[in-house]
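Structure first, then comments.
Number of protein chains: 2
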Amino acid sequence: MSARKSGGRRGQRVTARGGLQQSPRRALRRGYAPIEVIDAEAVERIHAASLQILERLGIEVLLPQAREILAAAGAETGANGTRMHLPAELVMQAVASAPAEFTLHARNSDNDLRFGADHLAFCAVASAPNAYDSDGGRRAGNRSDYRNFLRLSQYFNIVHLNGGYPVEPVDIHPSVRHLDCLADLVTLTDKPFHAYSLGRERNLDAIEIARIARGISAERLLAEPSLFTIINTNSPLQMDGPMLIGIIEMARHGQAVVITPFTLAGAMAPVTLAGALAQQNAEALAGIALAQLVRPGAPVIYGGFTSNVDMKSGAPAFGTPEYVRAAQIGGQLARRYGLPYRSSNVNAANVSDIGQAAWESSMSLWGAVMGGANMIMHGAGWMEGGLCASFEKFVIDCDLLQMMAEYLQPVVVDDDTLALDAIEDVGPGGHFFGTAHTQARYQSAFYAPLVADWRNYETWREAGSPDALQRANAIYRRALEEYAEPAIDPASREELQAFVAKRKEEGGVPSDF
Amino acid sequence: MSARKSGGRRGQRVTARGGLQQSPRRALRRGYAPIEVIDAEAVERIHAASLQILERLGIEVLLPQAREILAAAGAETGANGTRMHLPAELVMQAVASAPAEFTLHARNSDNDLRFGADHLAFCAVASAPNAYDSDGGRRAGNRSDYRNFLRLSQYFNIVHLNGGYPVEPVDIHPSVRHLDCLADLVTLTDKPFHAYSLGRERNLDAIEIARIARGISAERLLAEPSLFTIINTNSPLQMDGPMLIGIIEMARHGQAVVITPFTLAGAMAPVTLAGALAQQNAEALAGIALAQLVRPGAPVIYGGFTSNVDMKSGAPAFGTPEYVRAAQIGGQLARRYGLPYRSSNVNAANVSDIGQAAWESSMSLWGAVMGGANMIMHGAGWMEGGLCASFEKFVIDCDLLQMMAEYLQPVVVDDDTLALDAIEDVGPGGHFFGTAHTQARYQSAFYAPLVADWRNYETWREAGSPDALQRANAIYRRALEEYAEPAIDPASREELQAFVAKRKEEGGVPSDF
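Quick note, the sequences are listed as chains A and B, same order. If you're matching positions, the first sequence starts at 14 in the numbering used here and goes up one per residue. If you're matching positions, the second sequence starts at 14 in the numbering used here and goes up one per residue.
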């Protein structure tokens, strides 16, 4: 049975086979104007500064092929042979060919996602080296946990796509890890997914797996983005070989590229927000320009990840006031160029510290959603500044994401909802619970939480005073029980298995391990 | 030594006598446009519906004096003798005389607060019947806890005023409770405060205590609002005697009145948000109109508290998507009338469930701050839908409030902050930590949290894996140790003591207890 069948009709809260009550699958749009932290003039100053950085200081481009593409478009090569100076015109002309919106296709077309404008989608946590749940504690990433996170991504309607391996399965040999992981991704889920850019062969394998999973031709795949990659530039101002290959191969195949400089203010970027954002902008524009030079119109997303470090320890901090403002200014910059925007739901709390995780995540989410982000990475499950993926945090985040989704639903103001008749019927001093107006609507009137516990103190105490971590543990286990693997076309499955087997026989990808 | 002296210079982070590091005392302004959840036409529809409610259905006014004031202004008395039908013109003309902004004076003028426009101030938790900390557990409100909460309100710069007794000290006899509590408020703190409207004598006692504490004349007090009261109408559409007396006496003395209907959708208001808000608006406008009829220009604040109930149990829920949207639409309505706006930092989590408390509070805060609230009640310490004031939550909230305050600080974009020279000095692949640009700014560049713990997993684990609740416990105890009673003019103190003694001798206020 397809998990999709439990998704229910739009606008209705659903109970999957009598199981957990979760929000329905639905496309999200942010109907509210995004928050503008700085004025248009300040946006222009950051824009101008970043163009100046790219032209005067330049950026290290550590791949001959990429340098050739940039030089052919008019970039100057620096004295060291790898520094490229990008004229403002080159950058702006290239960026102008990027689409303002595009659709990312899933093998189940019900899960296709639109990026750009006010569209909004949430990704699962990605790339954590460790996994955690309160029973098993913190452990190194492994395939069992990896697969369980994928099942949660598939199960929860509010998780729209996977943005990388939720946890790194280090028990799979690196030479074939991408093959097993991608095969899991396209069989345990039928939502859009991400592929790491760790060398040309891995990119090409991922593109082929996406094509097989969708059962389409290479020509059609070229026109229909069906996977994405994230490029975190080596800030400051450096792009290494695998990053550049990722941009080139993915763009060449019409697949989506997200350029997200990792500009931690005070470490890899200036300590001042404006400077960190100017640098973020320079790096993002450079990567996007390269993608557009490879294939004008290739789908790209402007990524922002600027945060600050804890100046006491040098540790990265997330969900801080600096992070929130940077996320929202990042949105202003992306809109300046008419590009889709990526932000994140991040925090720096340690594994069992759900309180700090909750407030830092909430800050990040408001920064992202009201910053106008279209793709929100690490939406569910991220802890410890990315060093750990938590099963409990995954479902707590699903609650937060569902709340944000519900918050974005339009408030209808009409005769029916103004309810003047009901107010008159009830009259001063009365109670609305029993009225026909209430009875007709109460089951779906309000958001029903996943984890929040609204029992009164006495009842909650009798139940053993369960806190959010404990409740979330029970919920994630139940979600795994209720998970059903989505249907896949048998021919696609067979082709996929054959491809993975063949590539493994060939030895996968050479690795240093 | 005055706690004020530890406040430090504006814009600087301060360490109070080598103690806790907290944000500086500063006046807050929201430089960002508030979020508009509904369009102007929908605002007008709610406005029109609420005027229709007041004119056609009317509102129960359970005090002859109030009915006389309304009737003299043109209201019709209903057949039952207590229902008043308020013509739209009456309401709108009266509301038009309310000031868009006013200053609430503290006995320490450094703590004066401006309400209206984009000014923003945070209150401590108010009116909880129970107190909690993780050592002592949950207990009935008492004076010792009451006084400790006041000390925390005074200690933390981010708490701008007290909005009622943080916890109800039931160990003080009700006939004299207000005298002891108000005396504590004006001696343990020197910030603005609230007085309950529980009968004329209590209102008058509070007004006199505010006058004594400030050492000013009655005439000056009339021109300088120095305390405020909150009126929670008996929703739906009813105001009882003490509420109406509170409005009349406070307005008559030029003191601030906050009208906050308690419109829980599905219980005391329609299950639909638009209807609940139409009713909230009707009740708020009725109370504000009465205040203005008593004294045109009397300072008033439009209060919004619309939330929803858990339809499974009937329990109030807070920090929900419905709450957030209602808070932000409430701001749109208040701005429609050019009135200052009050919202709240609320949640329904049980005492030790800091995770849920954190995410629900965060949602409430974003609703309030970006809804354009000027006064945010229950800013620090509220738990359990208001049934419990928590010492740990108090300092966690201070962290959240400090973060929101820091988020609202303008991002400067100029040559200095764009840091092009630093970016060039560091160059591609370098590190910013050691640069002069960083070194000159790192100490104050970023928000320093109170409770958040950014240590890495290993260090945090070696320290005993303290979660937010445990860390907050240590911090609130330290704040109490560091607290210093603010200086008070000896003449004022003497006059205050004499007044309280005299009123106690007179038996305080008759009570039913």
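The C-beta atom is built at its ideal place from N, Cα and C for all residues, glycine as well. Here the structure is a predicted model, which means the values were calculated and not measured.
Which of helix, strand or coil DSSP assigns to residue i
i        : result
A/Gly3   : Chain A is shown from 14 up to 526; residue 3 of chain A falls before or after that span and cannot be answered.
B/Gln268 : coil
A/Tyr145 : strand
B/Ser157 : helix
A/Gln422 : coil
B/Lys204 : coil
A/Thr430 : helix
B/Ser320 : strand
A/Met383 : coil
B/Arg308 : coil
A/Val50  : coil
A/Trp372 : helix
B/Ser403 : strand
A/Phe162 : helix
A/Thr116 : strand
Test: residue i CB closer than 7 angstroms to a CB of chain A
i        : result
B/Leu33  : no
B/Thr451 : yes
B/Thr246 : no
B/Glu68  : no
B/Gly91  : no
B/Ile501 : no
B/Gly442 : yes
Any chain B beta carbon closer than 7 angstroms to residue i
i        : result
A/Phe459 : yes
A/Asn363 : yes
A/Ser375 : yes
A/Phe318 : no
A/Asp366 : yes
A/Trp379 : yes
A/Pro100 : no
A/Ile389 : no
A/Ile48  : yes
A/Val359 : no
Residue from the options whose Cα sits closest to the Cα of residue i
i        : options                                   : result
B/Ala361 : B/Gly399, B/His391, B/Gly351 and B/Val199 : B/Gly399
B/Gly212 : B/Phe206, B/Ile66, B/His191 and B/Val199  : B/His191
B/Phe446 : A/Asn321, A/Ala497 and A/Ser357           : A/Asn321
A/Ala113 : A/Ala393, A/Ala101, A/Phe128 and A/Ala119 : A/Phe128
A/Thr95  : B/Pro441, B/Gly520 and B/Arg474           : B/Pro441
B/Ala208 : B/Thr200, B/Leu201 and B/Ala223           : B/Ala223
B/Val359 : B/Gln292, B/Tyr496, B/Trp372 and B/Leu67  : B/Trp372
Straight-line Cα distance separating residue j from residue i
i        : j        : result
B/Leu431 : A/Leu174 : 35 angstroms
A/Tyr159 : B/Asp480 : 26 angstroms
A/Val104 : A/Ala418 : 35 angstroms
A/Glu405 : A/Asn143 : 14 angstroms
B/Ala492 : A/Asp131 : 45 angstroms
B/Leu509 : A/Ile51  : 49 angstroms
B/Arg69  : B/Gly385 : 31 angstroms
B/Cys136 : B/Ser403 : 15 angstroms
A/Leu378 : B/Pro334 : 14 angstroms
A/Leu99  : A/Ile314 : 20 angstroms
B/Ser326 : B/Ala280 : 11 angstroms
A/Val337 : A/Asn469 : 34 angstroms
A/Gly21  : A/Ser457 : With a pLDDT of only 35 at A/Gly21, under 50, the local geometry of the prediction cannot be trusted, and no value is derived from it.
A/Ile72  : A/Ala107 : 16 angstroms
B/Asp197 : B/Arg120 : 13 angstroms
**Message:** So if I threshold CB-CB distances at 7 angstroms, which residues from the segment 173 to 201 of chain A count as touching chain B?
**Reply:** none
**the segment 412 to 432 of chain A: positions lying closer than 7 angstroms to chain B by Cβ** = Leu413, Met416, Glu419, Tyr420, Val424, Val425, Val426, Thr430, Leu431 and Ala432
**Message:** By the 9 angstroms beta-carbon criterion, what residues does the segment 138 to 149 of chain A contribute toward chain B?
**Reply:** Asn143
**Request:** Anything in the segment 296 to 322 of chain A with a Cβ closer than 7 angstroms to a Cβ of chain B? List those residues in chain order, please.
**Result:** Asn321
**Asked** Taking a cut of 7 angstroms between CB atoms, which residues from the segment 479 to 491 of chain A lie near chain B?
**Response** Asp480, Ala481 and Leu482
**Prompt:** Got a sec: which bits of the segment 280 to 295 of chain A sit with their beta carbon under 9 angstroms from any beta carbon on chain B, in order along the chain?
**Reply:** Ala280, Met281, Ala282, Pro283, Val284, Thr285, Leu286, Ala287, Gly288, Ala289, Leu290, Ala291, Gln292 and Ala295
**Near-chain A residues of the segment 243 to 267 of chain B - C-beta to any C-beta below 8 angstroms** = Asn247, Pro249, Leu250 and Gln251
**Request:** Note down, in chain order, all residues in the segment 463 to 479 of chain B with a beta-carbon under 9 angstroms from any beta-carbon belonging to chain A.
**Result:** Val464, Ala465, Asp466, Trp467, Arg468, Asn469, Tyr470, Thr472, Trp473, Arg474, Ser478 and Pro479
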